[in-house]
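K.L.:
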Amino acid sequence: MSVVERMDVPQAEAAGGASACPACLAAPSAERLAAMVGPASGRLVLSLPTAHCAACMTTVEGGLEKLPGVRSARVNLTLRRVSVDAEAEVTAPVLIEALSRLGYEAHELDAGMLSATETDRQGRDLLMRLGVAGFSMMNVMLLSVAVWSGAEAATRDLFHWISAAIALPTVVFAGQPFFRSAWRSLRAGRLGMDVPISLAIVLASSISLFETFHSGHHAYFDAAVMLTFFLLAGRYLDHRTRAVARSAAEELAALEVPRATLLRDGEEVTVPIAELAAGDLVRVRPGGRMPVDGVVTQGFSELDRSLLTGESLPVPAGPDTVVSAGEVNLTGPLTLRVTAAGRDSSLHRMADLVAVAESARTRYTSLAERASRLYSPLVHLLSFSAFGVWMWITNGDLRTSINISAAVLIITCPCALGLAVPAVVTAASGRLFRKGLLIKDGTALERLAEVDTVVFDKTGTLTLGTPQPTNLATLARAELEVAAALAGASSHPLATALAAAARDMGLRPAHVTDLREVPGFGVEGRHGGRTVRLGRAEWVGAAPEPVTATYLSISGATRAITFADRLRPGAEEAVRALTGQGKRILLLSGDTEGAVADLAYRLGIAEWRSGQLPAEKAARVSDLTAEGRRVLMVGDGLNDTAALAAAHVSISPASALDAARVASDIVLLGKDMAPIADAARIAVKATRRIRENFAISGLYNVVAVPIALVGLATPLAAALAMSLSSISVSLNALRVK
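For what it's worth, our numbering labels the leading residue of the sequence shown as 65, then goes sequentially.
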């Protein structure tokens, strides 16, 4: 539970200057990442409960993009959600009305309530209808057995009427998901994929009722109910496999807290998160999830950021600690000053950005859309042609012709083709997010699969940019005390690291007077009546070492204090795994030759260059591209931005500068670099799964359609085949590991 207290206006205005940027500590700056897709107010997200195939995707996107003020519309078929980038004057009701005209039910997703609630409701609804259809199917089958066993005349007619009394209400109730979708499609003047399915169910029921009225020997009420049951079973299993392939956007959305408690004159009032404003005070109790972005003003605790960054260890939190929505408060109560809430929070913007990336068009998506667009009219053409041909072949046998026509309608539904790409992309992006990688660009996964060369930056990428002294044990205690005193007077990274190491050793800095920092050279002072210095080799009169070092001048002698940068966790594993995948590894750094050579040796990188300027890094990446290489650039600094932009695909750590993160396609949320190798492997597998899904869909149609056309498949068998093809594609997508 969180408690909120209203601040007065001056306080709120003062608080507005703070920013709860998760990149400062853990996650990337969603505010700046969101800039890649425009302002938050220009993006609307709506649920599409009835969208389920590639034809739906094409219709919705095309219809919305024709509206004035709509810049783009992208449907995430797996999430049944459309993200619309539009001008400020375009509102959700306008989009909902337009979708209604197209035949689609739509609902705006509330900023603080992006969750799986609607998805769960659809699953329960499908399961309920499936249960009703299954129960009725068993009863109708029992009656059918009696007819098949030889019941004649009045007995047969009685069993047929009883079957009709059970089957027809069942079909009307259980088949509603198909009928409603088909009716909306027809009202909008188009033929969606549920139109042939609904037509097949209606045909099977109608011909059975016709036979019963005329005391016919054959009725197909059992087939009509079984057809409905297996179609529902296929749709429910497809629904469950999509739920298992939970996307990164859903993972982020599930972390959003819907409400908090507002303190007014000492009284607690529960309010939706959307009613909070910058400057409010929020109290988060132990065990509670952060409802907003904010800055800690009171209290001490530890935060669990594992779901956002993949980091397993808690991090301390106290006054002035920046926190992000979605983090968990572990040990003590905290009071936060709100900097962003609801739709403006970094978590919500990050989820929106990822949803857009998951919905982006790749060349495989475009191929599936084109195939589905051609396929939809072909379905009905084949069915009507089959009906006409079989009426001619059988000399007017209506029953046989209708059965074959219905089988063709069902078996040719391109649902598997529509799922081929989005099922894999959603499964892969969700898996990578759980490993600590946030995909910003929808085509990044496709491009990552093509990578054969990886270029690493050094400082801040393969290393943490936190140097550590390596030879303090060789210095006398008196020398270390003087060095600690000099280092404490400088903000240089090497001096800061030296001062921290001295404190950790329990050293008391020597008494050094007249301390003065000389920019670009080092620090000097007076000790024991003599000048002492700490800084560059030439300034203190020392011979430079081939590694990163600072130099101490004391009592007429010089001593070198060497440093080694701390490796980023997982750096060795990432380099080793990428090398094992057959990729060429290069290290490009602006650091000194000795430092770069030492790191390359530690990591086993054979190709490296030191002293690289930003233009030289970008030029090297361009040269590799000209050689036909597909380059993955991993970097974090301002000097890496040009190289990141020039690479085929790029990754930046969450701790990177804003410019580097904006230029990159993928953000590494945690400190561990091992997921980079996993990303390369999963990208290759995802591309393979997409191709396999196309092959499954194509093989299914090559085999199944001719079987239906020649009359070897009943409507029931067609329903089974269609459901199995869709489920096979979804299950194959889950093999992305």
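Using N, Cα and C, we set each Cβ at its ideal position, and we do this for glycine too. As the structure is a computational prediction, the values presented were derived from the model and not from experiment.
What would DSSP say about N757, mapped onto helix, strand or coil?
P.N.:
Helix at N757.
K.L.:
Would you call the CB atoms of E151 and A137 closer than 8 Å?
P.N.:
The answer is no: Cβ separation not under 8 Å.
K.L.:
Cα-Cα, which of A119, A772, V109, L128 is closest to V453?
P.N.:
Measuring from the Cα of V453, the nearest candidate turns out to be A772.
K.L.:
Alpha carbon to alpha carbon, how far is V146 from V134? Give it in angstroms, no decimals.
P.N.:
Whole-angstrom Cα-Cα distance: 13 Å.
K.L.:
Please list, in chain order, all residues of the same chain as A516 whose beta carbon is under 7 Å from its beta carbon, the five residues on each side excluded.
P.N.:
According to the sequence as given, residue 516 is Asp; it is not Ala. Within the same chain, D516 has close Cβ partners K647, R648, R693, R694.
K.L.:
Below 8 Å between beta carbons: does that hold for L222 and A156?
P.N.:
Their beta carbons are not under 8 Å apart, which means L222 does not touch A156 by this criterion.
K.L.:
Could you tell me the alpha carbon to alpha carbon distance between V154 and E339, rounded to whole angstroms?
P.N.:
If you take the alpha carbons of V154 and E339, they lie about 22 Å apart.
K.L.:
Is A405 helix, strand or coil when you go by DSSP?
P.N.:
Coil.
K.L.:
Whole angstroms are fine: how far does the CA of D700 sit from the CA of S716?
P.N.:
Cα to Cα, S716 sits roughly 5 Å from D700.
K.L.:
Which value, in whole angstroms, describes the spacing of the CA atoms of A785 and A747?
P.N.:
Approximately 30 Å between the Cα atoms of the pair.
K.L.:
Buried or exposed, going by whether 16 or more other CB atoms sit within 10 Å of the CB of V774?
P.N.:
Looking at its Cβ environment, which holds fewer than 16 other Cβ atoms inside 10 Å, V774 is exposed.
K.L.:
Which value, in whole angstroms, describes the spacing of the CA atoms of A549 and P608?
P.N.:
Their Cα atoms are separated by approximately 22 Å.
K.L.:
Considering E161, what are the terminal residues of the alpha helix (DSSP H) in which it resides?
P.N.:
Unbroken alpha helix (DSSP H) run through E161: 156-166.
K.L.:
Helix or strand or just coil, what does DSSP make of L558?
P.N.:
If DSSP states are grouped into helix, strand and coil, L558 belongs with the helices.
K.L.:
Within 8 Å, do at least three Cβ pairs link the stretch 259-274 to the stretch 746-763?
P.N.:
No: the two stretches stay apart, fewer than three of their Cβ pairs being nearer than 8 Å.
K.L.:
Measuring CA to CA, which of T534, S728, T538 is closest to L562?
P.N.:
Comparing Cα positions, the closest option is T534.
K.L.:
I'd like to check one pair, D357 with L394: are the Cβ atoms closer than 8 Å?
P.N.:
No, they are not a contact pair.
K.L.:
Could you check whether the stretch 271-278 touches the stretch 225-240, counting it as contact only if at least three pairs of C-beta atoms, one from each stretch, sit closer than 8 Å?
P.N.:
Short answer: they touch.
K.L.:
Please name the residue, chosen from Q645, G634, R165, that lies closest to A738 on a Cα-to-Cα basis.
P.N.:
Nearest of Q645, G634, R165 to A738, Cα basis: G634.
K.L.:
Which residue marks the beginning of the beta strand (DSSP E) containing R135, and which one marks its end?
P.N.:
Note, R135: beta strand (DSSP E), 134-140.
K.L.:
Pull up the distance between the alpha-carbon of N467 and that of L232, whole angstroms please.
P.N.:
Their Cα atoms are separated by approximately 18 Å.
K.L.:
Just grab the DSSP bridge partners of S365 for me.
P.N.:
Paired residue(s): A381.
K.L.:
For F627, list the residues DSSP reports as bridge partners.
P.N.:
Bridge partners of F627: P533.
K.L.:
Taking DSSP as the reference, what is the three-state secondary structure of E129?
P.N.:
The answer is helix: DSSP assigns E129 an H, G or I state.
K.L.:
Per DSSP, what kind of secondary structure is E422 in: helix, strand or coil?
P.N.:
In this prediction, E422 scores a pLDDT of 47, lower than 50, which makes its location untrustworthy; the coordinate-derived value is nonetheless stated afterwards. Correct three-state label for E422: helix.
K.L.:
Is it the case that the CB of T403 approaches a heavy atom of the ligand FMN more closely than 7 Å?
P.N.:
Judged by which ligands are present, the structure shown has none, so any question about the ligand FMN falls away.
K.L.:
When the Cα of A661 is compared with those of F277, V611, P557, which residue comes out closest?
P.N.:
Checked all of F277, V611, P557; the closest Cα to A661 is V611.
K.L.:
Could you name the residues of the same chain whose beta carbon sits closer than 8 Å to that of L544, not counting the 5 residues immediately before and after it, in chain order?
P.N.:
Excluding positions up to five away in sequence, the list reads L536, A566, M569, L571.
K.L.:
Is the separation between the beta-carbon of T614 and that of G599 shorter than 8 Å?
P.N.:
Cβ distance < 8 Å, so T614 and G599 count as in contact.
K.L.:
Residues in its own chain within less than 6 Å of D736 by CB, not counting five upstream and five downstream?
P.N.:
These residues qualify, in order along the chain: P633, G634.
K.L.:
Whose CA, out of K130, A768, A170, P113, lies closest to the CA of L826?
P.N.:
It is not possible to answer for residue 826, since the shown part of the chain is limited to 65 through 801.
K.L.:
Using 10 angstroms around the beta-carbon of D286, count the other beta-carbons present and answer buried if the total reaches 16, otherwise exposed.
P.N.:
Burial call: buried.
K.L.:
For W456, count neighbouring Cβ atoms within 10 angstroms of its own Cβ and tell me buried if that reaches 16, exposed if not.
P.N.:
Classification of W456: exposed, given that the 10 Å Cβ count is below 16.
K.L.:
Considering Cα atoms alone, identify which of A743, L651, R755, T778 is closest to R498.
P.N.:
R498 has its Cα closest to that of A743, out of A743, L651, R755, T778.
K.L.:
For R799, which residues from the same chain have a beta carbon less than 8 Å from its beta carbon, with the 5 sequence-adjacent residues on both sides left out?
P.N.:
Excluding positions up to five away in sequence, the list reads K749, R753.
K.L.:
Do you know offhand how far S617's Cα is from R640's?
P.N.:
The straight-line gap from Cα to Cα measures roughly 41 Å.
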